[in-house]
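**Q** Just passing along the structure, written as structure tokens.
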Amino acid sequence: MTTVNNYIIILDDEDEKKESKMIDILNISAVLIGLLLGYFGMNYEKLGPGNFHKSENFEQMIIFVSFIIVGSVSFYYYYFE
């Protein structure tokens with residue numbers, strides 16, 4: 008019969024920090040994009056002049072703003088954290 012000693016080893020692993028930072032970026036970006044889509048969903052009939060919300064530009068604008076959100080959150084995390 009053998010006994011095994013259990014040790015808690017805390018490693019300062021750079022890959023783990025990068026992975027944690029990436030998960031934080033994805034979580035915050037997902038929340039902000041969800042709020043953006045929720046806002047546009049609630050005000051769908053009131054947006055813009057004419058039939059702006061029914062055009063393809065509406066979808067392209069949401070995608071563009073989503074990329075801006077992901078980029079700005081990434082910039083904040085990589086340069087200020």
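Throughout the sequence shown, residue numbering follows this note's numbering, covering 8 to 88 in sequence. Positions of the beta carbon are idealized from the N, C-alpha and C atoms, including for glycine.
Measure the C-alpha to C-alpha separation of Tyr-86 and Phe-47 and round it to an integer number of angstroms.
**A** One C-alpha to the other measures close to 30 Å.
**Q** Looking at Val-72 and Ser-36, is the spacing between their C-beta atoms short of 7 Å?
**A** No, Cβ-Cβ distance for Ser-36 and Val-72 is not below 7 Å.
**Q** Shortest alpha-carbon distance to Met-68 belongs to which of Tyr-84, Ile-40 and Phe-82?
**A** Closest option to Met-68, Cα to Cα, is Ile-40.
**Q** Expressed to the nearest angstrom, what Euclidean distance is found between the alpha-carbon atoms of Asp-31 and Leu-44?
**A** Rounded to whole angstroms, Asp-31 to Leu-44 spans 20 Å at the Cα level.
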